[in-house]
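Notes for the one structure printed next.
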Amino acid sequence: MKFIFAFIAFLLSAPLVAQPLMLVTEAEAKASMDAGGLPTPRSTPQPGAPRIELVSPDIKKTIAVPTKIEVRFQGNAPAEPKPETFKALYGAFKIDITQRLLGVAKVTKDGILVSDAALPSGKHQLLLTLTDTLGREAQHVLSFTVQ
569 MKFIFAFIAF
579 LLSAPLVAQP
589 LMLVTEAEAK
599 ASMDAGGLPT
609 PRSTPQPGAP
619 RIELVSPDIK
629 KTIAVPTKIE
639 VRFQGNAPAE
649 PKPETFKALY
659 GAFKIDITQR
669 LLGVAKVTKD
679 GILVSDAALP
689 SGKHQLLLTL
699 TDTLGREAQH
709 VLSFTVQ
């Protein structure tokens, strides 16, 4: 009996190792790749719409996982970004992964930061959208490769 209590005490005192956030499953990534990915938006951005800027990672290079994702929002006065309108859509089927991100990060009017995110190996596309207080919407497509 002492052994069981000692074992439970050991488990409770052991440091928990945080796992990186898996943004999409391998099945979702494969289905999106097989379908050809996101179509490139053909519309021009709305004048004065907020800007969505990827700070990290550097998507010009192959990304290792886990990776830090930092996105910055910038409004155009007098409007400000409305963080509650932020959406992250994945791949050809525009799978809404916003809630997956919000499970480990907070979206503010300044942006979003996810310290440990992961995706399956291969090519990926995200469509990020954001609206400002004047109702103008910004869209930003990210295309990148994960090791």
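Note that our numbering gives residue 602 to position 34 of the sequence shown, counting from 1, and the numbers run on in steps of one. We put the CB at the ideal spot given by N, CA and C, even for glycine.
Can you tell me the Cα-Cα spacing of residue i and residue j, whole angstroms?
i, j, result
"G605", "L702", "31 Å"
"Q693", "L622", "13 Å"
"A632", "P613", "31 Å"
"A656", "L710", "10 Å"
"I663", "S624", "22 Å"
Go ahead and label residue i buried or exposed: buried means 16 or more other beta carbons lie within 10 angstroms of its beta carbon, across all protein chains shown.
i, result
"G643", "buried"
"T593", "exposed"
"P618", "buried"
"D700", "buried"
"F641", "buried"
"T676", "exposed"
Grab the span of the alpha helix (DSSP H) containing residue i for me, first residue to last.
i, result
"Q667", "666-670"
Can you name the start and end residues of the beta strand (DSSP E) that residue i belongs to?
i, result
"K655", "649-658"
"D626", "Premise fails: D626 is in no beta strand (DSSP E) and is neither H nor E."
"A706", "705-714"
Are residue i and residue j close, meaning C-beta to C-beta below 8 Å?
i, j, result
"A706", "T697", "yes"
"I627", "F712", "yes"
"R704", "A645", "no"
"V714", "L589", "no"
Quick check on DSSP: helix, strand or coil for residue i?
i, result
"S600", "helix"
"L579", "Only weak support is given to the placement of L579: the predicted model assigns it a pLDDT of 43, under 50, and the question is left unresolved by the model."
Is there a Cβ of chain D sitting closer than 8 Å to that of residue i, yes or no?
i, result
"V672", "No chain D is part of this structure, which consists of one protein chain only."
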